[in-house]
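To start, the structure under review is shown below, and the notes come after it.
In my numbering, the protein residues as written are 7 to 271.
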């Protein structure tokens with residue numbers, strides 16, 4: 007009864023190659039050119055670590071611009087491209103051409119450019135297999151979650167800018183039709199129907215004064231969280247890449263999806 011229990015053997019896992027130089031562990035080193043190396047001034051992890059160039063899904067945001075000028079983060083359902091003032095958000099649609107299936111992006115640009123008016127640069131402050139947090143100084147912070155239907159941005163004493171190159175067709179504030187003429191709208195849930203087939207919901211704290219204009223949406227001197235979510239990608243059935251949920255005549259069947267977005271916001 008007084009005998010001590012034997013100690014469990016220590017489990018040794020594989021080396022953490024994402025934070026350790028493989029050459030120091032005996033692996034053959036790879037010489038990376040400047041275009042393949044992370045820009046270390048874009049790394050601001052709270053624990054001070056500096057990630058090595060790997061294929062982690064968020065690492066492209068820390069690399070020099072590609073030949074097309076964008077480093078896409080394909081986390082789905084959205085595709086992101088981070089820029090100095092914020093982030094471009096795209097909703098891709100699938101197109102089959104012979105033996106090729108591709109994710110296509112809207113020819114008119116990003117669905118949204120989510121930003122703070124006074125931001126000029128960003129850095130990665132935290133990251134793991136499923137999430138990555140990007141900070142634009144003290145003005146704006148966003149944690150991108152792989153597979154999440156929400157685009158989330160936290161602001162502190164900043165002017166919120168939600169610009170779109172697609173164009174806005176109509177907007178409602180808490181279910182009531184509203185004018186997109188530059189006058190403030192007050193509400194918590196704003197539904198924005200775009201010129202194409204997309205419809206998005208924008209969630210804010212209650213009674214938030216939001217301005218809708220030709221360039222998009224804005225909120226002045228805001229502290230809090232704004233969330234966006236695609237609520238429909240087949241409002242007419244006539245835009246680029248209508249999705250499989252389009253019913254006869256392009257009638258969308260996503261009522262339960264919208265209800266779930268509201269509950270989860």
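Glycine residues also receive a C-beta, built at the ideal position from the N, C-alpha and C atoms.
Residue i to residue j span [Cα, whole Å]
i, j, result
"residue 126", "residue 234", "22 Å"
"residue 163", "residue 103", "47 Å"
"residue 204", "residue 187", "20 Å"
"residue 175", "residue 122", "24 Å"
"residue 98", "residue 110", "5 Å"
"residue 140", "residue 241", "32 Å"
"residue 77", "residue 142", "17 Å"
"residue 269", "residue 211", "14 Å"
"residue 271", "residue 209", "7 Å"
"residue 231", "residue 147", "9 Å"
"residue 118", "residue 34", "43 Å"
"residue 73", "residue 44", "16 Å"
"residue 221", "residue 201", "13 Å"
"residue 67", "residue 145", "19 Å"
"residue 113", "residue 31", "46 Å"
"residue 226", "residue 184", "19 Å"
"residue 134", "residue 54", "15 Å"
For residue i, the first and last residue of its enclosing alpha helix (DSSP H)
i, result
"residue 4", "Limits of the chain in this structure are 7 at one end and 271 at the other, which puts residue 4 out of reach."
Identity of the residues DSSP links to residue i by a beta bridge
i, result
"residue 170", "None; residue 170 has no bridge partner."
"residue 215", "192"
"residue 206", "198 and 236"
"residue 222", "169 and 219"
"residue 129", "141"
"residue 183", "178"
"residue 108", "101"
"residue 231", "160"
Neighbourhood of residue i by C-beta, 7 Å cutoff - its chain only, sequence neighbours within 5 removed
i, result
"residue 52", "131 and 132"
"residue 46", "56"
"residue 199", "175, 176, 205 and 241"
"residue 136", "151 and 152"
Beta strand (DSSP E) segment containing residue i, residue limits
i, result
"residue 100", "99-103"
"residue 68", "Segment: none, residue 68 is in no beta strand (DSSP E) and carries neither H nor E."
"residue 141", "137-142"
"residue 5", "Within the shown structure, residues of the chain are numbered from 7 to 271, placing residue 5 beyond reach of any answer."
Cβ shell of residue i (< 6 Å), same chain only, five flanking positions each side left out
i, result
"residue 93", "86 and 120"
"residue 108", "101"
"residue 115", "171"
"residue 167", "121, 123 and 224"
Close Cβ partners of residue i (< 8 Å) along its chain, the five nearest in sequence each way excluded
i, result
"residue 237", "197, 205, 206, 207, 260, 263, 264 and 267"
"residue 190", "215, 216 and 217"
"residue 129", "47, 48, 49, 50, 140 and 141"
Proximity test, Cβ basis, 8 Å: residue i and chain C
i, result
"residue 220", "Absent here is chain C; the protein component of the structure consists of one chain."
beta-carbon residue i near the ligand MN non-hydrogen atom, thresh 7 Å
i, result
"residue 238", "Absence of the ligand MN is noted for the structure shown, with no ligands found whatsoever."
*asked:* Under 8 Å, with one C-beta from each stretch per pair, do the region 144-159 and the region 70-90 reach the 3-pair mark?
replied: Touching, per the Cβ criterion.
*asked:* Closer than 8 Å is the cut-off here; do at least three beta carbon pairs connect the region 61-81 with the region 137-152?
replied: The region 61-81, when compared against the region 137-152, does touch it at the 8 Å Cβ threshold.
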